[in-house]
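Engineer: Shown below is the structure under consideration.
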Amino acid sequence: MTTGQTAFTRRDMLRAIGLIAGAGALYQAMTALGHAAESQFAGVPDLSGAPRGARVVVLGAGLAGLLAAYELERAGYAVQVLEYQNRPGGRNWTLRGGDTYTELGGAAQTVRFTAGNYLNPGPWRISHHHRAILHYCRAFNVRLEPFIQFNNNAFVHATHAFDGRPQRYRDVAADFHGNVASLLATAINTGGLDHAVTQEDRERLMEALKGWGTLDDSLAYRKGLHVSGQRSYARPPGAGADGAPLPSDLLPFHDVLDPVVWKTMKFFTSYDMQPTMFQPVGGMDMIGKAFASRLPHQITLNAKVTAIAQDEKGVTVRWADTRSAAVHETTADWCVCTLPLSILSQVDIQVSAAKTAAISAVPYASHAKIGLEFRRRFWEEDEAIYGGISFTDQEIALVSYPNDNFHASGPAVLLGAFALGRGGFDLAGMTPEERIEAALKQGEKIHPQYRKEFMSGASVAWSRVPWMLGCRARWGEADRAAHYQNLVAMEGRIVLAGDHASYMAGWQEGALLSSLDAIRQLHHRATAA
Amino acid sequence: MRWPGRILLLLACAWGTVGPACAQTQGPVAEGAVIYRQICQACHMKGGTGAIGAGKVPALAHNARLAIAAYPATIVAQGRGGMPWFSDILSPAQIAAVVNYVRTHFGNHYQDALDAQAVEAMLGSKKVDDH
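Here it is in structure tokens:
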């Protein structure tokens with residue numbers, strides 16, 4: 375094969391497809407050529423040939439805005455970023471001891487965690503198939519460690535099952551599988567599936583059910599050492615005279631059918647949640663800080679955007695300094711606007727009626743997180759839980775254990791609530807002190823050590839985050855069909871980006887993919903003249 | 446003894462985990478108060494004061510836009526701007542209860558009460574999260 379200059383290489387072809395047809399088409403082409411897999415990340419778009427001196431104003435310094443600023447600046451554009459907060463990063467955020475946070479309504483918290491401990495109030499885990507954010511972690515040398523999503527030894531707690539006592543995931547899952555296998559095997563034996571499955575497949579299915587469910591010869595799921603090998607023992611295998619294991623009692627099937635059991639099982643196998651997952655060492659904000667450190671002069675903090683206008687010559691953004699109230703205007707050739715729609719829908723922006731309707735069509739979910747610091751790692755020391763998540767049907771929804779520094783002595787912080795839906799609203803409506811009390815009251819049903827070992831806590835209820843007014847975009851089916859394309863298409867000199875302009879709302883990967891698509895559109899238009 | 450009993454019940458419900466089921470055992474005003482505390486207060490704040498950050502959460506206190514009951518009821522059911530729809534977690538009777546509560550508290554004095562049937566007619570097409 376020729377390597378001459380005129381040869382149209384595979385790389386050239388992919389670049390051409392990406393430039394003309396967009397990341398989606400590029401991704402499909404790459405998949406056809408055996409390159410990419412999973413997330414639609416297909417590399418950073420080719421931004422070569424940026425017009426000399428072209429200026430871009432980026433609104434918002436969350437991950438979408440930071441990526442746009444970083445890549446456009448590298449490509450030769452002159453970039454200015456306007457950010458409402460007094461820090462870059464947006465929801466890519468970590469709270470540590472000494473940090474202060476004032477929520478909507480004025481309630482202020484000073485975090486009192488011990489040095490080295492932290493809470494990620496926003497995103498806290500990165501999937502192995504989130505290729506864009508992993509790309510930037512690698513490029514910026516942001517160290518990652520495993521986020522232990524799935525832990526067989528963590529708890530499942532149901533208020534109305536098992537007498538309210540938390541159960542180990544391994545026991546409830548084994549009993550769920552075993553009982554279902556036994557019922558299905560019995561149905562086959564009594565002809566219940568004759569109409570649905572061929573004779574040959576009935577035999578194969580029967581073999582699978584007996585093996586998978588650890589059934590005995592009568593097709594029963596019964597207490598015994600083989601079944602205990604799939605769940606746990608009353609006395610685990612050991613050595614010496616009393617080394618023989620003793621089987622554990624099974625849980626009542628009625629209780630095993632409590633919804634929290636199958637919901638927990640389903641959670642761990644869902645596409646978004648499948649291991650391997652990662653977290654940055656030391657806190658999620660390492661990623662935002664890595665971006666921001668590469669934009670030392672481009673970011674203006676404490677800037678509240680009030681109006682965005684455009685004409686055939688350029689873009690004008692009006693903003694107020696939140697400290698002095700002085701009003702400023704920034705002009706540029708292009709604008710990447712990453713403001714959350716909950717905010718942008720209240721800003722005077724000069725776009726079409728269709729785009730305005732799209733901006734106003736997307737409400738935001740209310741999530742709340744609470745970090746609790748305890749004197750010691752009782753979950754490790756007393757319960758052999760090393761990382762992972764216990765689920766409950768109470769409003770706190772879960773308890774998630776630190777995935778780092780195992781066996782360390784001294785205080786540690788766990789995530790004592792990640793409330794969604796109704797629970798998210800309820801916790802948000804409380805004072806910070808009331809939230810901590812709710813987290814302790816609900817969490818001690820799983821870990822009775824809570825009250826004795828508790829030191830301090832911090833909470834972030836996203837409905838009351840002044841720069842978000844919610845946690846993440848919540849697209850309705852009909853709204854997506856009516857408005858999504860209008861939202862993501864560049865209009866004149868303005869293009870929107872952020873996780874709300876993706877199919878991955880609430881994931882950093884969605885923000886980055888959206889931003890990559892936005893700067894591809896911007897560059898295409900800027901170089902088309 | 447009737448009122449202290451009701452208030453205690455109300456407080457117990459407000460701190461429980463399953464508000465509406467609990468609230469149904471009481472009068473509609475108490476139910477509206479519980480729903481306000483457990484859902485609306487997250488954004489509209491205690492006393493319906495609203496709040497201002499990078500954007501604004503409208504105040505419900507002394508709000509002339511509440512004069513026509515259908516206006517707040519439709520917004521609670523279908524959402525508006527950054528505010529989500531609640532027809533998936535509140536029944537028409539519960540939407541009526543919380544709208545009636547807000548329209549008769551926080552300095553609002555609108556006495557025409559909504560009922561479940563009236564709200565039912567305002568629900569529009571059912572909103573569903575897309576995935």
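Chains A and B supply the protein sequences, listed in that same order. If you're matching positions, the first sequence starts at 375 in my numbering and goes up one per residue. If you're matching positions, the second sequence starts at 446 in my numbering and goes up one per residue. Glycine included, each C-beta is placed from N, C-alpha and C at the ideal position.
#1: Return the CA-CA distance between A/L682 and A/N527, expressed in angstroms with no decimal places.
#2: So what's B/D575 in DSSP terms, helix, strand or just coil?
#3: Taking the straight line between their C-alpha atoms, what separation do you get for A/E807 and A/Q816?
#4: I need the straight-line Cα distance from A/A791 to B/Q483, nearest angstrom please.
#5: Quick check on this structure: which residue in A/E865, A/T730, A/V679 and A/W849 has the alpha carbon closest to the alpha carbon of A/D695?
#6: By the three-class DSSP mapping on this structure, what secondary structure does A/Y775 have?
#7: Using a Cβ-Cβ cut-off of 9 Å, state whether B/Y546 counts as contacting chain A.
#8: In chain B, which residues lie less than 7 Å from A/G803 when you measure between Cβ atoms?
#9: Cutting at 6 Å between CB atoms, please list the residues of its own chain near A/W753, excluding the five before and the five after it.
#10: Counting only Cβ-Cβ distances shorter than 7 Å, please list the residues of the region 709 to 729 of chain A near chain B, keeping chain order.
#11: Name the chain A residues that come within less than 7 Å of B/A496, Cβ to Cβ?
#12: Just by C-beta distance, which residues in the region 779 to 803 of chain A are closer than 9 Å to chain B?
#13: What's the C-alpha gap between A/D646 and A/G872?
#14: With a threshold of 16 other CB atoms inside 10 Å of the CB of A/G538, please say whether the residue is buried or exposed.
#15: Under 9 Å, CB to CB, which of the residues in the region 499 to 531 of chain B have a partner in chain A?
#16: Pull up the distance between the alpha-carbon of A/Q882 and that of B/T494, whole angstroms please.
#17: Alpha carbon to alpha carbon, how far is B/F551 from B/G492? Give it in angstroms, no decimals.
#18: On a CA-only basis, which of A/I820, A/H569, A/S602 and A/T564 is nearest A/S592? Give me that one, please.
#19: Would you call A/I673 buried or exposed, if buried means 16 or more other Cβ atoms sit within 10 Å of its Cβ?
#20: For A/K597, which of helix, strand or coil comes out of DSSP?
#21: Could you give the uninterrupted runs of the beta strand (DSSP E) lying entirely in the region 792 to 875 of chain A, keeping only those of 3 residues or more?
#22: Per DSSP, what kind of secondary structure is A/K584 in: helix, strand or coil?
#23: Return the CA-CA distance between A/A892 and B/V544, expressed in angstroms with no decimal places.
#24: Spatial neighbours of A/A863 within its chain, please: C-beta separation below 7 Å, excluding the five flanking residues on both sides.
#25: Applying the criterion that 16 or more other CB atoms from any shown protein chain within 10 Å of the CB defines a buried residue, is A/E457 buried or exposed?
#26: Check each residue of the region 812 to 823 of chain A: if its Cβ is closer than 7 Å to any Cβ of chain B, include it; give the result in chain order.
#27: Using only alpha-carbon positions, find the residue among A/S876, A/G880, A/A548 and A/G831 that is nearest to A/L890.
#28: Output yes or no for whether 9 Å exceeds the beta carbon distance between A/T468 and A/M660.
#29: What residues in its chain sit with their C-beta under 7 Å from that of A/A381, if we drop five residues either side in the sequence?
#30: Quick one, which of A/E757, A/G427 and A/G417 has its alpha-carbon nearest A/L441's?
#31: Beta-carbon within less than 8 Å of B/L511's beta-carbon, same chain only, minus the 5 sequence neighbours each way: which residues are those?
#32: Per DSSP, which one or two residues make a beta bridge with A/K678?
#33: Return the CA-CA distance between A/R867 and A/W841, expressed in angstroms with no decimal places.
#34: Under 9 Å between the Cβ atoms of A/G464 and A/L437?
#35: Alpha carbon to alpha carbon, how far is B/A496 from A/S698? Give it in angstroms, no decimals.
#36: Could you pull the start and end residues of the alpha helix (DSSP H) that B/Y516 belongs to?
Structural biologist: Answer, in terms of the structure:
#1: For the record, residue 682 of chain A in the displayed sequence is Ile; it is not Leu. Spanning the two alpha carbons is a distance of roughly 53 Å.
#2: coil
#3: 14 Å
#4: 16 Å
#5: A/V679
#6: strand
#7: no
#8: R482, Q483, Q486 and A487
#9: I759 and Y775
#10: L715, S716, I717, S719 and Q720
#11: L478 and G479
#12: G795, R796, G797, G798, F799, D800, L801, A802 and G803
#13: 18 Å
#14: exposed
#15: A499, G500, K501, V502, G524, R525, G526, G527, M528, P529 and W530
#16: 33 Å
#17: 6 Å
#18: A/T564
#19: buried
#20: coil
#21: 828 to 835 and 868 to 870
#22: helix
#23: 41 Å
#24: none
#25: buried
#26: none
#27: A/S876
#28: yes
#29: Below a pLDDT of 50, predicted positions are generally treated as unreliable, and A/A381, at 49, falls in that range; the measurement from the model is reported next regardless. There are no such residues.
#30: A/G417
#31: L505, P517, V547, R548, N553 and Y555
#32: A/A694
#33: 25 Å
#34: yes
#35: 20 Å
#36: A515 to Q523
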